[in-house]
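Student: Residue numbers (full-length UniProt numbering): 1 to 161. Have a look at this one.
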């Protein structure tokens with residue numbers, strides 16, 4: 001009998017991305033000291049997504065670099081007012097300007113299900129292939145609690161064989 005399981009603190013989760021080979025602390029943002037922002041800062045969980053665009057020496061344009069993230073909602077026997085998890089990714093216009101496409105950028109997930117976020121990247125016309133592109137966006141999940149992930153996108157062009 002094959003038995004699989006996972007322990008989670010909350011009913012929602014994100015899977016995928018790359019292992020972080022730097023301390024998580026180096027990816028956090030420095031909070032502003034403005035007086036109107038005195039509430040407790042919410043913890044941002046980092047996710048690194050690398051995309052390698054393979055530039056071939058042919059006349060046909062290469063396919064976009066692609067990756068996936070999974071947003072899920074566990075099936076639980078605990079009573080909860082929320083039966084779904086809602087997710088949304090911010091800064092979509094800025095990401096599109098830099099060549100990223102993310103589908104879907106928002107939606108919901110039923111208990112016991114996962115949704116795949118398809119991420120693709122094609123270098124924009126003004127991209128310098130000698131310098132990798134690094135940008136980020138916030139992925140918010142709302143279920144029994146609200147969780148925010150800071151998704152770091154690292155994109156680069158690789159020369160083909």
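For each residue, glycine too, the CB sits at the ideal point set by N, CA and C. None of these values were measured; they are calculated from a predicted model.
(1) How many Å lie between residue 152 and residue 89 at the Cα?
(2) Compare the C-alpha of residue 17 against each of 127, 56, 54 and 66 and name the closest.
(3) Just reading off the beta strand (DSSP E) that residue 125 is part of, what are its end residues?
(4) Compute the Euclidean distance between the alpha carbons of residue 68 and residue 84, then round it to the nearest angstrom.
(5) Just to confirm my understanding: we take residue 121, look at its own chain, exclude 5 residues before and 5 after, and list those with CB closer than 7 Å. What are they?
(6) Could you tell me if residue 147 is buried or exposed, where buried requires 16 or more neighbouring beta carbons within 10 angstroms of its beta carbon?
(7) Among residues of its own chain, excluding the 5 on either side of residue 108, which ones have a beta-carbon nearer than 6 Å to its beta-carbon?
(8) With a Cβ-Cβ cutoff of 8 Å, do residue 114 and residue 72 count as a contact?
(9) The beta strand (DSSP E) spanning residue 139 covers which residue range?
(10) When you compare only the Cα positions, how much space is there between residue 125 and residue 97?
(11) Using DSSP with H/G/I as helix, E/B as strand and the rest coil, what is residue 154?
(12) Pull up the distance between the alpha-carbon of residue 141 and that of residue 12, whole angstroms please.
(13) Under the assumption that residue 70 contacts residue 62 (Cβ atoms under 8 Å), give the Cβ distance between them as a whole number of angstroms.
Tutor: So, to answer that:
(1) For the purposes of this step, residue 152 is identified with residue 152 of the chain shown, where counting begins at 1. For the purposes of this step, residue 89 is identified with residue 89 of the chain shown, where counting begins at 1. Each residue's Cα considered, the two are about 12 Å apart.
(2) Along the chain shown, read from residue 1 onward, the residue named residue 17 stands at position 17. The shortest Cα separation from residue 17 among 127, 56, 54 and 66 belongs to 66.
(3) Sequence index remark: in the chain shown, residue 125 carries index 125 (1-based). Per DSSP, residue 125 belongs to no beta strand (DSSP E) and is neither H nor E.
(4) In the chain shown, residue 68 corresponds to position 68, counting from 1. In the chain shown, residue 84 corresponds to position 84, counting from 1. Approximately 21 Å, taken between the alpha carbons.
(5) For the purposes of this step, residue 121 is taken as the residue at position 121 of the chain shown. Result list for residue 121: 51, 53, 64, 65, 99, 100 and 155, in chain order.
(6) Start at 1 with the first residue of the chain shown, and residue 147 comes out as number 147. Answer is buried; the Cβ neighbour count reaches 16.
(7) Here residue 108 corresponds to residue number 108 of the chain shown, with the count starting at 1. Only 84 and 86 meet the Cβ criterion.
(8) As a first step, residue 114 must be located in the chain shown, where it is residue number 114. As a first step, residue 72 must be located in the chain shown, where it is residue number 72. In contact: residue 114 and residue 72 (Cβ atoms closer than 8 Å).
(9) Locating residue 139 in the chain shown gives position 139, counting from the first residue. Segment 133 to 142, the beta strand (DSSP E) holding residue 139.
(10) Residue numbering aside, residue 125 sits at position 125 when the chain shown is read from its first letter. Residue numbering aside, residue 97 sits at position 97 when the chain shown is read from its first letter. Rounded to whole angstroms, residue 125 to residue 97 spans 10 Å at the Cα level.
(11) As a working mapping, residue 154 is identified with position 154 in the chain shown. Residue 154: strand per DSSP, three-state reduction.
(12) Within the chain shown, numbered from 1, the residue matching residue 141 stands at position 141. Within the chain shown, numbered from 1, the residue matching residue 12 stands at position 12. Going by the C-alpha atoms only, they are around 7 Å apart.
(13) On the chain shown, position 70 is the one that residue 70 refers to. On the chain shown, position 62 is the one that residue 62 refers to. 26 Å between Cβ atoms; not a contact.
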